Amino acid sequence: MSGTLLLQQAINGLTLGAVYTLIALSFSLVMGILGILNLAIAELFMIGGYVGFTLIIAGAPLPVALLAGMLAAAALSLVIEKIGYEPLRNAPLITPMLSTLGFSIILQNLATNLWGSDPLQLPGDMLATRIALGEVSIGAMQLLVIGAAIVMVAALAFVIRYTTLGRALRAVAENRDVARLLGVRADRILLIAFLLSGLLAGAAGVLISLHYAAITPYIGVETGLKAIAVMVVGGVTRTWGALLAGPLIGLAEVATVAYGGSQIRDFVVYGLMILILLVRPQGLLGGARSDQGPRV
Amino acid sequence: MISTYHAALLADSGILMLGALSVYIILATGQLSLGNAGFMGIGAYLASYLTVEAGLPLTLALVLSALAAGMVGIVIGFPALRLRGIYLAMATLGFGEMVRSFFLNFEPMGGAGGFSGMVHVSVGYIWLWAGGILVLVTLLERSRLWLEIRATHDDETAASLVGLNTTATKIGAFGFGAAVAAVAGGLFAHHHVYIEPANFGFDRSIELVLAVILGGSTVAPGALVGAVLLVLLPETLRFLADWRLAAFGTLLVLVLLVRRQGILDRGLFRALTFRRQAS
Amino acid sequence: MSTMPAPLLSLVDVTRTFGGVQALSGVSLDVAAGRITGVIGPNGAGKTTLFNVITGAYTPTAGEIYLDGARLTGLKPYQIARAGIARTFQNIRLFSSMSVWEHLLVAQRHDGSVFGRLLPAGLARSKAGREAEKALVFFGLEKVRDRPARELPYGTQRKVEMARALTANPRLLLLDEPIAGMSHEEADELRHLLMRLRADGLTILLIEHDMTFVMNLCDRIHVLDFGRQIAHGTPEAVRTDPAVLDAYLGADT
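Chains as they are written, first to last, in UniProt numbering: chain A, 1 to 296; chain B, 1 to 279; chain C, 1 to 253.
Structure, rendered in structure tokens:
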């Protein structure tokens with residue numbers, strides 16, 4: 001494989017990785033604070049993508065479409081928290097996880113009925129702009145995806161680290177009872193975690209559909225599972241870990257496709273995830289131990 | 001005589017129930033596996049190879065596949081000891097995806113194109129296995145061994161401090177669960193007479209867990225209730241046409257909200273079987 | 001005073017540190033066979049850590065533990081339990097899905113074949129069934145036999161936990177604050193039960209904050225403070241030991 005092509009592939013890997021990072025953070029906001037896998041995130045991401053896509057096709061400017069996708073996913077995320085999670089907060093972890101699965105089935109059915117099961121395509125001219133960098137060229141859309149992802153991760157990291165809200169989020173993640181004693185209203189914080197998680201998933205959905213220039217109702221599941229792997233590799237509670245792990249897995253995928261055949265890539269990605277869980281459960285960058293999860 | 005349509009539903013429930021039991025057995029020790037479709041896939045491919053390529057009778061092929069998958073389960077069980085709760089669940093999810101990805105690349109058994117050539121098996125034969133294993137597990141639930149399993153589930157530390165080897169219990173459960181999943185997989189292959197890696201993905205693993213939780217995760221027959229429900233529900237919702245799945249999802253959430261322990265629990269099971277309190 | 005029986009449990013210079021903090025430092029003590037030995041000390045003195053080290057929940061950082069001459073150090077908790085040490089917990093740990101009766105079956109040693117373990121548990125005429133029945137009667141739990149243990153009143157739960165420990169047929173019973181949360185009557189009843197167990201030859205090591213209870217029951221007492229043993233001896237000797245008075249006055253008890 002030529003060096004140019006390799007570099008081109010690397011850029012693709014980075015773009016994919018940027019989207020993985022966003023979804024991984026979406027998972028980890030709920031997971032880090034509540035200890036549950038919100039399986040509906042995969043479909044929030046898909047719905048966000050469709051909403052953004054529809055607006056773009058209708059001629060809305062990109063930022064509007066992105067914002068609309070984010071808001072739609074966030075609104076759904078709040079509904080899921082209220083109906084699917086809150087009444088089950090004291091049940092074994094498996095129960096709220098399956099109720100989020102119920103929502104994911106509903107959302108996927110909804111998308112199939114609203115938009116059909118065939119892929120929607122973006123008009124070709126929208127993505128034609130490419131910026132040449134020596135021998136490789138980077139699509140304007142790719143640049144946008146990577147840039148938007150970085151901005152959002154930075155914003156999230158800022159919120160978590162430096163704001164009162166962030167401190168409250170961390171306190172609830174650490175110990176819900178102690179947080180309550182400190183005067184943090186845990187139920188409101190959980191809603192906010194779902195809200196932020198939805199915003200990120202929605203953004204990722206719009207961005208990845210721009211990257212592929214197409215979207216189907218089934219885009220959520222595969223990408224969602226990968227994002228879980230990214231979350232684990234980066235460390236469940238590490239914001240910056242996901243920023244490192246996303247591109248890493250994106251690149252690893254592109255590299256295995258280039259050198260080992262396209263089908264082996266999932267084997268490598270999940271193998272890496274299991275390895276991290278076993279030898280470095282706190283994720284690549286360290287931090288809180290993640291092998292002492294609550295009981296199922 | 002039952003129609004082909006009903007026979008197919010009956011066969012599907014039997015296979016799903018076995019898969020659900022495989023999750024149930026592991027869950028009984030407090031471990032959630034989201035990768036049992038992987039064990040099912042191993043059983044399906046191995047049993048198919050043994051009947052189609054090696055010419056073995058199906059029963060023998062199923063037994064051998066169960067033993068092999070059981071050993072894989074034990075091997076998986078060891079590293080799983082290091083992980084708890086949702087982290088274990090994610091690791092098993094990864095295992096399941098790795099198995100699927102392995103068969104996708106395993107050209108000798110067809111790779112992505114799938115594998116066929118199995119001889120179709122009757123619904124009666126499927127239920128001989130399904131019923132037999134269900135009865136076996138139900139009886140086992142009254143044994144001393146199952147008390148040890150429940151102790152491990154309830155409080156692992158306390159269990160080890162009263163002298164129970166919880167490590168052996170947890171690994172054993174993985175082995176047993178994997179073996180049962182392999183039987184389910186072998187039967188699946190010989191019922192559908194065609195298998196492909198996508199049959200044994202994350203969706204399948206989740207379906208097995210769903211059957212257990214809906215049916216009731218504290219008694220083995222809960223797997224039966226859950227499996228029948230999951231197979232029949234989409235059929236009875238057929239009149240909703242395009243909105244069938246959404247209705248199914250809504251029902252799922254509703255059941256979890258109003259009866260989180262699943263439809264069948266220990267109390268209801270006792271009442272149904274007219275059994276006095278455990279003795 | 002008569003000659004001391006041979007020690008059943010011996011701790012030799014046992015130290016346990018957690019990230020630089022010494023929870024136990026150089027504790028040596030002998031628990032005499034057939035006696036009731038008490039461990040007292042202010043909060044944070046290392047009493048529960050001592051139990052956790054003996055039962056294998058923590059391995060000692062240094063030092064050795066022997067049960068009747070056999071080395072226990074480094075064994076897994078279940079192996080130590082099988083060697084003959086049973087315990088109860090300060091914050092009761094019962095099995096949440098089990099009835100009282102099931103608690104009395106699950107801890108019994110099962111030396112039979114693998115197939116024996118597959119048979120229904122606790123049939124009335126089996127050995128396990130008879131043992132469980134005996135423990136049920138001893139602790140007066142007949143009326144709550146089939147109730148889920150975790151739904152019972154606090155004092156009764158303590159009894160179930162103790163009964164569970166005893167059905168393992170231990171040589172040494174460790175009790176971590178056995179009368180915490182019990183009414184005065186319940187505590188008194190328990191004291192008599194423990195004295196009956198001693199009369200039957202069981203060795204007991206207990207942690208307790210209630211001084212009257214400890215002084216009235218124990219044959220020997222060991223006093224811990226900041227992870228060190230500061231005194232040991234008969235209740236009378238310990239009561240008047242200046243180091244003990246110091247530790248307790250300092251810790252406002």
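Built from N, CA and C at the ideal position, the CB exists for glycine as well.
All values derive from a computational prediction rather than experimental measurement.
Neighbour list for MET162(C) in chain B, Cβ cutoff strictly below 8 Å: Indexing the third sequence from 1 puts residue 162(C) at position 162. The contacting residues do not exist; MET162(C) stays about 12 Å from chain B at best.
Three-state secondary structure (DSSP) of HIS153(B): Taking the first residue of the second sequence as 1, we reach residue 153(B) at position 153. Residue state, collapsed to three classes: helix.
Rounded Cβ spacing between LEU22(A) and ALA203(A) (contact assumed at less than 8 Å): Mapped onto the first sequence, residue 22(A) falls at position 22. Mapped onto the first sequence, residue 203(A) falls at position 203. Going by Cβ atoms, the distance from LEU22(A) to ALA203(A) rounds to 6 Å, so yes, they are a contact pair.
With 16 other Cβ atoms within 10 Å as the buried cut-off, status of ASN52(C): The residue you call residue 52(C) lines up with position 52 of the third sequence. Buried: at least 16 other Cβ atoms inside 10 Å.
Contact under 8 Å by Cβ, ILE26(B) with SER33(B): Here residue 26(B) is taken as the residue at index 26 of the second sequence, counted from 1. Here residue 33(B) is taken as the residue at index 33 of the second sequence, counted from 1. In this structure, SER33(B) lies closer than 8 Å to ILE26(B) by Cβ.
DSSP-derived helix/strand/coil call for GLU64(C): Counting from one through the third sequence, the residue named residue 64(C) turns up at place 64. GLU64(C): strand per DSSP, three-state reduction.
Unbroken alpha helix (DSSP H) run spanning GLN142(A), endpoints: Indexing the first sequence from 1 puts residue 142(A) at position 142. First-last of the alpha helix (DSSP H) with GLN142(A): 140–162.
Straight-line Cα distance separating HIS209(C) from THR253(C): In the third sequence, the residue the question calls residue 253(C) occupies position 253. In the third sequence, the residue the question calls residue 209(C) occupies position 209. In this prediction, THR253(C) scores a pLDDT of 44, lower than 50, which makes its location untrustworthy; no coordinate-derived value is stated.
DSSP-derived helix/strand/coil call for THR203(C): Numbered from its first residue, the third sequence carries residue 203(C) at position 203. THR203(C): strand per DSSP, three-state reduction.
Beta-carbon neighbours of HIS110(C), restricted to chain B and to distances below 7 Å: Here residue 110(C) corresponds to residue number 110 of the third sequence, with the count starting at 1. Simply ARG144.
Three-state secondary structure assigned by DSSP to GLY163(B): Within the second sequence, the letter at position 163 stands for residue 163(B). If DSSP states are grouped into helix, strand and coil, GLY163(B) belongs with coil.
Residue range of the beta strand (DSSP E) that includes PRO123(A): Counted from its first residue, the first sequence places residue 123(A) at position 123. First-last for PRO123(A): undefined, no H or E at that position.
Buried/exposed call for ALA112(B), threshold 16 Cβ in 10 Å: Stepping through the second sequence from its first residue, residue 112(B) is reached at position 112. When all chains shown are included, ALA112(B) counts as exposed.
Where the beta strand (DSSP E) containing PRO7(C) begins and where it ends: In the third sequence, the residue the question calls residue 7(C) occupies position 7. PRO7(C) -> beta strand (DSSP E) spans 7–18.
The stretch 231–257 of chain A: positions lying closer than 9 Å to chain B by Cβ: MET231, VAL232, VAL236
Beta-carbon proximity check, GLY48(A) vs MET31(A), cutoff 8 Å: As a first step, residue 48(A) is located in the first sequence; it is residue number 48 there, counting from the start. As a first step, residue 31(A) is located in the first sequence; it is residue number 31 there, counting from the start. Result no, Cβ atoms of GLY48(A) and MET31(A) do not sit closer than 8 Å.
is_contact[VAL106(C), chain B] using C-beta, thresh 8 Å: Along the third sequence, one-based indexing puts residue 106(C) at 106. True, the Cβ-Cβ gap to chain B drops below 8 Å.
ARG204(B) classed as buried or exposed, judged by whether at least 16 other C-beta atoms fall within 10 angstroms: Stepping through the second sequence from its first residue, residue 204(B) is reached at position 204. Under this definition ARG204(B) is a buried residue.
Cut-off 7 Å between Cβ atoms - residues of its own chain near ASN12(A), not counting five sequence neighbours on either side: As a first step, residue 12(A) is located in the first sequence; it is residue number 12 there, counting from the start. These residues qualify, in order along the chain: VAL254.
Three-state secondary structure assigned by DSSP to LEU174(C): Along the third sequence, read from residue 1 onward, the residue named residue 174(C) stands at position 174. Residue state, collapsed to three classes: strand.
Proximal residues, the stretch 1–33 of chain C versus chain B, C-beta separation under 7 Å: none
Endpoints, beta strand (DSSP E) assigned at VAL206(A): Position 206 of the first sequence holds residue 206(A). Where VAL206(A) is concerned, there is no enclosing beta strand (DSSP E), although the alpha helix (DSSP H) it sits in stretches over 186–212.
Of the residues ALA18(A), LEU88(A), LEU7(A), THR237(A), the one placed nearest LEU256(B), counting alpha carbons only: Residue 256(B) sits at position 256 when you count from the first residue of the second sequence. Ranking the options by Cα distance to LEU256(B), first place goes to LEU88(A).
Contiguous alpha helix (DSSP H) assignments of at least 4 residues, all confined to the stretch 49–94 of chain A: 62–79
Beta-carbon proximity check, VAL72(B) vs ALA178(B), cutoff 8 Å: Looking up residue 72(B) in the second sequence gives position 72. Looking up residue 178(B) in the second sequence gives position 178. In contact: VAL72(B) and ALA178(B) (Cβ atoms closer than 8 Å).
Bridge-paired residues (DSSP) for GLY233(C): Numbered from its first residue, the third sequence carries residue 233(C) at position 233. The partner list for GLY233(C) (beta bridge, DSSP) reads ILE221(C).
Nearest candidate by alpha-carbon position, reference ASN91(C), set PRO235(C), VAL12(C), GLY181(C): For this step, residue 91(C) is matched to residue 91 along the third sequence. Minimum Cα distance to ASN91(C) is reached at GLY181(C).
Coarse secondary structure for PRO77(C), derived from DSSP in three states: Translated into the one-based positions of the third sequence, residue 77(C) becomes position 77. Correct three-state label for PRO77(C): helix.
Proximal chain B residues relative to PHE95(C), where beta-carbon distance stays under 8 Å: Position 95 of the third sequence, counted from the start, is the residue given in the question as residue 95(C). Per Cβ cutoff of 8 Å: ARG150, ALA151, ASP154, ASP155, ALA158, ALA159.
Coil, strand or helix - ASP30(C) by DSSP: The sequence position of residue 30(C) within the third sequence is 30, counting from 1. Strand at ASP30(C).
Proximity winner among SER3(B), GLY35(B), LEU145(B), VAL23(B), relative to GLY222(B) (alpha-carbon distances): As a first step, residue 222(B) must be located in the second sequence, where it is residue number 222. If we check each option's Cα against that of GLY222(B), VAL23(B) comes out closest.
Residue closest to LEU14(A), alpha-carbon to alpha-carbon, out of ILE94(A), ILE274(A), ILE150(A), ILE192(A): Residue numbering aside, residue 14(A) sits at position 14 when the first sequence is read from its first letter. Closest option to LEU14(A), Cα to Cα, is ILE150(A).
Chain-order list of residues whose beta-carbon lies under 6 Å from that of TRP127(B) (same chain, five-residue window excluded): Mapped onto the second sequence, residue 127(B) falls at position 127. So the qualifying residues of the chain are GLY14.
Paired residues, beta bridge with ALA70(C) - DSSP: Position 70 of the third sequence, counted from the first residue, corresponds to residue 70(C). LEU67(C).
Where PHE95(C) falls: helix, strand or coil (DSSP): The residue labelled residue 95(C) in the question sits at position 95 within the third sequence. Residue state, collapsed to three classes: coil.
Three-state secondary structure assigned by DSSP to LYS16(B): Against the second sequence, residue 16(B) aligns to sequence position 16. Per the sequence presented here, residue 16(B) reads as Leu, with Lys not at that position. Helix at LEU16(B).
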